[in-house]
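With mature numbering (1 follows the signal peptide of the UniProt record, and there is no 0) applied, the sequence shown corresponds to residues -21 to -1, 1 to 388, in that order.
Note that CB positions come from ideal geometry on N, CA and C, so glycine has one too.
Heads up: the structure comes next, in structure tokens.
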Amino acid sequence: MVSFLSLLSVTAGSSIAVCTAFSVPERNSHYRDSLGFDTSNTILRRNNNNNNFLTVLQSSSASITSNEDLKPGISVIDDANDVISQQMENLQESPYFRLFCVDILASCEYMPQELFECYSETCEVYPVDDEEVPAIIREVDFQEHDFEMDGWARWDMPSNDYYDLEEFPEGYTGYNGAEVWEFIHGKICFKGYDYDDDHWKADFNKAVSGIHSLISAQVTSGIQDKIDAGEEFTDVEVWRDPKVEFDRRLSEGGEEPMAMENLYFTYMLFLSAAAKAKDKLLADCQNGEIDEESAAILQGFLALPVLNDPAVEVAPKKLHDHAVDSKNDLWQARMRARDLLRVINCVQCNKCRLHGKVAMLGLSTALQIHLGRTGEGGDTMRIHRVELAALLSTINKFSKAVDFCKKSR
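Next up, the structure:
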């Protein structure tokens, strides 16, 4: 799961994610490497010098997965991703989707840590001025915040401090968050499930790995951006070659052969969740929470055929079919989704923490929409503004990551 940061910068996830206090199996040893929570929202587009390793290749779902069920959906996403990316980039201009009230100074409650002070400007974020937050957004966030003992997420308490994702976009900060990623894969994910097992716990692990793949793509892109800008690497920045990092983290021959497949799997969950939340999003357009210009863009996005394509629906259908058979155990997924969000408080890079929280909230929102309490799905009309904003903001991140990966593989 990088600039989210620099935290997530290692590989996309292991084929067995573990969730106990025991040590991580040897096949997961790459999680003990330097996983940094670092991301970049800039897609690599040039291929005109020795520093840029990207070569535009014909994308093929066959090179991503041997899973015949997922291949059609991967191809559909590849064909539609340019349009998705354009829509999402425009949509991110809306305060509804880019402003988040976040407790940047929250304490880490999951592990003892040595204090790490990131003095680099790349790590810092600052709240926007009060007048930049529309009154209706502030009012809605205060009204919607509640405490649900067994909910899918527990977002930070509303305050006056709102942060702008566009003012402080994710980028390669050089922060090393290996300790946090090891905790996620070692103690939050479920032990003993391969990603392709027919069980919702395997699907959960696969979705977490997909977030990890997303961040791996973003950090690798960020390294290239730094090279293109002619910036010098510091002595502590160990990731300096984007080709090496892409091959290690995301290629079929890398440390996690299923990294790319898991990226697309999780992207499918997010796109389908957005489609299911259509009525709530349109209602927020009608009540003025979303401005008219952004509402028009949003309606165009929600009308894209890819959101309801049967091939893309394969991933959420697998999750649904597995979950309904174990509905009495889904509390374990809700508990872990809450933990995924709260463990980001252990990230000691403020920019990384901001983007990490948003992405993890996006994942918990997608799971909430698809599963609810029984596996049959949640009531989308009860989804909060901040949850929908996180869902769509993370779709924006996925679209850029897929664009990058298409050009890199």
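Measure the alpha-carbon distance for residue i versus residue j and round it to whole angstroms.
{"i": "Y172", "j": "K297", "result": "15 Å"}
{"i": "Q37", "j": "L320", "result": "Caution applies to Q37, whose pLDDT of 38 falls short of 50 and renders its modelled position unreliable; the model cannot decide the point."}
{"i": "G279", "j": "V62", "result": "10 Å"}
{"i": "residue 403", "j": "H363", "result": "Any property of residue 403 remains undetermined from this structure, which presents the chain solely from -21 to 388."}
{"i": "S230", "j": "N329", "result": "29 Å"}
{"i": "E68", "j": "F147", "result": "15 Å"}
{"i": "S372", "j": "F76", "result": "6 Å"}
{"i": "E93", "j": "H349", "result": "38 Å"}
{"i": "Y141", "j": "P113", "result": "11 Å"}
{"i": "Q65", "j": "V217", "result": "33 Å"}
{"i": "E272", "j": "Y89", "result": "42 Å"}
{"i": "G165", "j": "D270", "result": "43 Å"}
{"i": "Y246", "j": "P51", "result": "14 Å"}
{"i": "F249", "j": "H191", "result": "15 Å"}
{"i": "V215", "j": "G153", "result": "8 Å"}
{"i": "V286", "j": "P91", "result": "Checking the displayed sequence, the identity of residue 286 turns out to be Leu instead of Val. About 42 Å."}
{"i": "D57", "j": "A312", "result": "30 Å"}
{"i": "E235", "j": "R228", "result": "7 Å"}
{"i": "G232", "j": "V107", "result": "44 Å"}
{"i": "I116", "j": "L333", "result": "18 Å"}
{"i": "V104", "j": "C331", "result": "9 Å"}
Use the C-beta contact count for residue i: other C-beta atoms within 10 angstroms, 16 or more gives buried, fewer gives exposed.
{"i": "T213", "result": "exposed"}
{"i": "F377", "result": "buried"}
{"i": "E161", "result": "buried"}
{"i": "S86", "result": "exposed"}
{"i": "F1", "result": "Any reading at F1 is ruled out, since the residue's pLDDT is 30, under 50, leaving its predicted position unreliable."}
{"i": "A59", "result": "buried"}
{"i": "P295", "result": "buried"}
{"i": "R361", "result": "exposed"}
{"i": "F244", "result": "buried"}
{"i": "D288", "result": "buried"}
{"i": "D109", "result": "exposed"}
Excluding the five sequence neighbours on either side, which residues of its own chain have a C-beta within less than 8 Å of the C-beta of residue i, listed in chain order?
{"i": "V365", "result": "F79, C80, D120, E123, W134 and L340"}
{"i": "Q71", "result": "R77, L144, E145, S372 and N375"}
{"i": "R317", "result": "G130, W131, A132, R133 and S343"}
{"i": "V293", "result": "D48, L49, P51, G52 and M247"}
{"i": "V55", "result": "V285, D288, A290 and V291"}
What does a CB cutoff of less than 7 Å around residue i pick up in its chain, not counting 5 residues either side in sequence?
{"i": "A380", "result": "L193, A196, Q197 and L242"}
{"i": "A274", "result": "C264"}
{"i": "L84", "result": "none"}
{"i": "G354", "result": "H299, A302, V303, K306 and L309"}
{"i": "A369", "result": "V337, L340, G341 and T344"}
{"i": "L260", "result": "L277, L281 and L367"}
{"i": "N28", "result": "For N28, the pLDDT reaches just 40, beneath the cut-off of 50, and the residue's location in the model is therefore unreliable, although a value from the coordinates is still provided. If we look at N28 and ignore the five residues flanking it on each side, it has no Cβ neighbours."}
Given 7 Å as the limit, tell me if residue i has its C-beta closer than that to any heavy atom belonging to the ligand GDP.
{"i": "F383", "result": "Among the ligands in the structure shown, none appear at all, so the ligand GDP cannot be discussed."}
Could you tell me how far apart the beta carbons of residue i and residue j are, in whole angstroms, since I believe they sit closer than 8 Å?
{"i": "W179", "j": "S343", "result": "About 15 Å; that fails the 8 Å criterion."}
{"i": "N46", "j": "D175", "result": "7 Å"}
{"i": "L281", "j": "K257", "result": "5 Å"}
{"i": "V291", "j": "S251", "result": "6 Å"}
{"i": "N155", "j": "F169", "result": "Contact doesn't hold; Cβ gap of about 26 Å is too wide."}
{"i": "T359", "j": "K255", "result": "6 Å"}
Going by beta carbon distance, what residues of the same chain come within less than 6 Å of residue i, once the five residues before and after it are set aside?
{"i": "P137", "result": "C80, D120, F121 and H124"}
{"i": "E240", "result": "I43 and T44"}
{"i": "G351", "result": "G357"}
{"i": "T199", "result": "P221, E224 and F225"}
{"i": "R219", "result": "F212"}
{"i": "C384", "result": "A196"}
Suppose only complete runs of 4+ residues qualify. What are the alpha helix (DSSP H) ranges in the stretch 106 to 145, listed by chain order? Here the runs fully enclosed are 114 to 123.
Could you name each continuous alpha helix (DSSP H) segment of 4 residues or more that falls completely within the stretch 247 to 310, going from the start of the chain to the end? Within the stretch 247 to 310, the complete alpha helix (DSSP H) runs of at least 4 residues are 257 to 265, 271 to 281 and 293 to 303.
Counting only runs of 4+ residues fully inside the stretch 57 to 108, write out the alpha helix (DSSP H) ranges in chain order. Secondary structure in the stretch 57 to 108: the alpha helix (DSSP H) runs of 4 residues or longer, each lying completely within the stretch, are 74 to 77 in chain order.
Which runs of the alpha helix (DSSP H) spanning at least 4 residues fall entirely within the stretch 312 to 363, listed in chain order? You should have 329 to 350.
Going residue by residue through the stretch 178 to 240, where are the continuous alpha helix (DSSP H) segments of at least 4 residues, counting only ones entirely within it? Unbroken alpha helix (DSSP H) stretches of 4 residues or longer found wholly inside the stretch 178 to 240: 179 to 207 and 221 to 228, given in chain order.
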